[in-house]
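Presented below is the structure to which this report refers.
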Amino acid sequence: MTGAIWNTAPRPGPKRRGHGIEGIKVAPRGSTKVVFTKAAPLAFTARQTVPPKNHSPVMPDQPEANGNAPEPPSRFIDRALNTIERVGNKLPDPAALFFLLLLVVWIVSALLAPVQFAEIDPRNGQPIQIKNQLAGPAIAAFLANMVTTFTGFHPLGVVLVALLGVGVAEHTGFINAGLKGLLSFTSAKLLTPMLILVAIVSHTAADAGYVLVIPLGGVIFYAAGRHPLAGIAAAFAGVSGGFSANFIPSSLDPLLSGLTQAAAQIINPERLVNPLCNWFFTGASTLLIVLVGWFLTDRVIEPRLRGTPVDGDASEMPKMETLGAKERRGLFAGLAALVLGLVILVLTSMPAASIFRAQDGSLTAATAPLMQSIVPLIFLLFLIPGAVYGYVAGTVKTHRDIIKGMSTTMSTMGYYIVMAFFAALFIAAFGQSNLGALLALKGAGLLQALALPGAVTMVGIIMLTALVNLLIGSASAKWALLAPIFVPMLMQLGFSPELTQAAYRVGDSTTNIITPLMPYFPLVVVYCQRYVKRTGIGTLVSLMLPFSVTFFLLWTLFLLGYWMLGIPLGLQAPYTYP
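When the letters of the sequence shown are read in order and numbered with numbering that gives the first Met the number 0, they come out as residues 0 to 577.
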């Protein structure tokens, strides 16, 4: 009777030694469910499927016989988020949802294709034209390019290649051993800010945060006796909700500044924009995102999850017994291999003639081989230390165990691959139809026509960007559409291109985490389903909505306050023009 929860005496919560956490165990046999109770938010209550005598089963959606059922939420925010979760989970399966959206794009594009629009497409200087996706040539191209549209879907290759290496490190026990060592000296109170900070820094490594930091957030929280979905939510908030917050420059900085400069030169052909023109602001924003994300995770998200059972496969959950002698030797060898790999990477990257540098000598430019090799490097820097750990610790006997680790990880990605197929087709059709570009240009035109004061216009830019971001995920694609409108308009009002770009970056980040159309959103749903099988779109949206709304409000106020105080936005970044 695997669907039932049997009432047994609660197991003790995680033991603390100094500032560390250890001693978390699961039931020795059978399928295990974990419930986080209000009485002990950091403790597990393990329930076996093998019932003791005189105990009757209690289904997950029924009140528990011993009175430990979660109390009905009393706070308005809890009731509102629970409603959002219920409504969202009634949506079709994500794969089916993307298919339905594809049909909507086809129909709407056919209806709007004959309409003449006055908005000028900045990409070609012509009035924007909706392209009929039901026209004969479009259908023929859709069928002819279906395979390449799917295989060329950027998140698909990124996820699968990275997880081949991560899967080996997880299968051999390297990741689990590393987490044991980490949690043995890390204060439980600092797990959340540490995780969010790591998530923010992961922006430097392109999409590494989505395939590495977010799933590790669930593992770390589960291992520390906290709800794994709270860890996933915190990491997702740092990786995607705080996308433009980072004190380390990334390839996004020169990418956006190049578009800003091109837009500024519409007014002044001599105007240049420094690639690090927002560096000081994005660096300061890191502190804001960490503090706000920390508060929301611990005070809003985790309290909502205390009554949510963790019903994933117990055999796949991390177990945090004390490191044995073989594990310690394996961990030392694995970390040594990891450090050696990083040293080799640094030594080969530093020379001016390095093969990892772009033609202009940059290591962080989007065209630099180093930036383009981030995913293969993740693969290697987990594969090699994981294999070394396995051989030293005795968890790997032959090369077949390494291959098994890869194949086991790939076997869990079937559902994501199906979702990625339909997501790729929808996103391609939506982009080709020009519907997203039309919506962006209509919104920008309305904002321009209102002729609001500068500060109010900045807030309007943030709001419009956040709304457009629900449909168009790419930061560069949106800015390519909006920059030629916003930058010249605000330059004529006396506001610098650098300030306009900073406002755009705030809006571009805050709604990433609540739109199912974001390419990595289905992957995060899959991460959650590892722990809570019933997780759906509504579950994830309800978890992330507090982050999205709070980030939007406080980050906007932060930018306005930053502006009022006259703190430099970055290098060569005035607030006014000229």
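We put the beta carbon where it would ideally sit given N, CA and C, even for glycine.
Please read all numbers here as calculations on a predicted model, not as lab measurements.
Item: Sequence-distant residues of the same chain with beta carbon closer than 6 Å to Glu497, five excluded per side; Value: Cys276, Leu568, Ala572
Item: Beta-ladder partner(s) of Thr575, from DSSP; Value: Phe494
Item: Beta carbon of Gly216 nearer than 8 Å to that of Ala233; Value: yes
Item: C-beta contact flag for Gln500 and Thr259 at 8 Å; Value: yes
Item: Option nearest Leu369 by Cα separation, candidates Val391, Lys396, Leu341; Value: Leu341
Item: Opening and closing residue of the alpha helix (DSSP H) in which Phe425 lies; Value: 413–432
Item: Assigned exposure category for Thr456 - 16 Cβ within 10 Å defines buried; Value: buried
Item: Any alpha helix (DSSP H) of 4 or more consecutive residues that is wholly inside the region 246–274; Value: 251–263
Item: Cβ neighbours of Tyr526 in the same chain (closer than 8 Å, five flanking residues each side left out); Value: Ile213, Pro214, Gly217, Ile231
Item: CB of Val387 within 8 Å of CB of Ala332, strictly; Value: yes
Item: Cα-Cα separation, Thr575 to Lys477; Value: 24 Å
Item: Assigned exposure category for Lys179 - 16 Cβ within 10 Å defines buried; Value: buried
Item: C-alpha gap between Arg399 and Val158, whole angstroms; Value: 23 Å
Item: Short Cβ contact (8 Å threshold) for Leu295 with Phe520; Value: no
Item: Stretch pair the region 114–121 + the region 133–141: three plus CB contacts closer than 8 Å; Value: no
Item: Helix, strand or coil at Val291 [DSSP, three-state]; Value: helix
Item: With 16 other Cβ atoms within 10 Å as the buried cut-off, status of Leu564; Value: exposed
Item: Residues near Leu337 in its chain [Cβ-Cβ closer than 7 Å; skip 5 each side]; Value: Leu380, Pro384
Item: Simplified DSSP assignment, three categories, for Ile119; Value: strand
Item: DSSP bridge partner residues for Pro600 (one or two, in chain order); Value: Residue 600 lies beyond the stretch modelled for the chain, which goes from 0 to 577, so this question has no answer here.
Item: Residues bridged to Val158 (per DSSP); Value: For Val158, which the question treats as bridged, DSSP gives no partner whatsoever.
Item: Whole-angstrom C-beta distance between Gly537 and Ile83, which should lie under 8 Å; Value: 6 Å
Item: Per DSSP, the bridge partner or partners of Val299; Value: Partner(s): none; Val299 has no beta bridge.
Item: Coil, strand or helix - Val309 by DSSP; Value: strand
Item: Stretch-stretch touch, CB-based, cutoff 8 Å, three pairs: the region 431–446 with the region 162–177; Value: no
Item: Residue nearest to Asn267 in terms of C-alpha spacing, selected from Val540, Lys532, Gly493; Value: Gly493
Item: CB-CB length for Arg122 against Ala479, believed under 8 Å; Value: 7 Å
Item: Beta-carbon gap between His202 and Phe235 smaller than 8 Å; Value: no
Item: Cβ distance (whole Å) where Val291 is taken to contact Leu553 below 8 Å; Value: 6 Å
Item: Span separating the alpha-carbon of Gly535 from that of Asp507; Value: 24 Å
Item: Host alpha helix (DSSP H) of Leu516 (start-end); Value: Taken as a continuous stretch (DSSP letters only), Leu516 belongs to no alpha helix (DSSP H), as it is neither H nor E.
Item: Sequence-distant residues of its chain with Cβ nearer than 6 Å to Gly257 (five each side left out); Value: none
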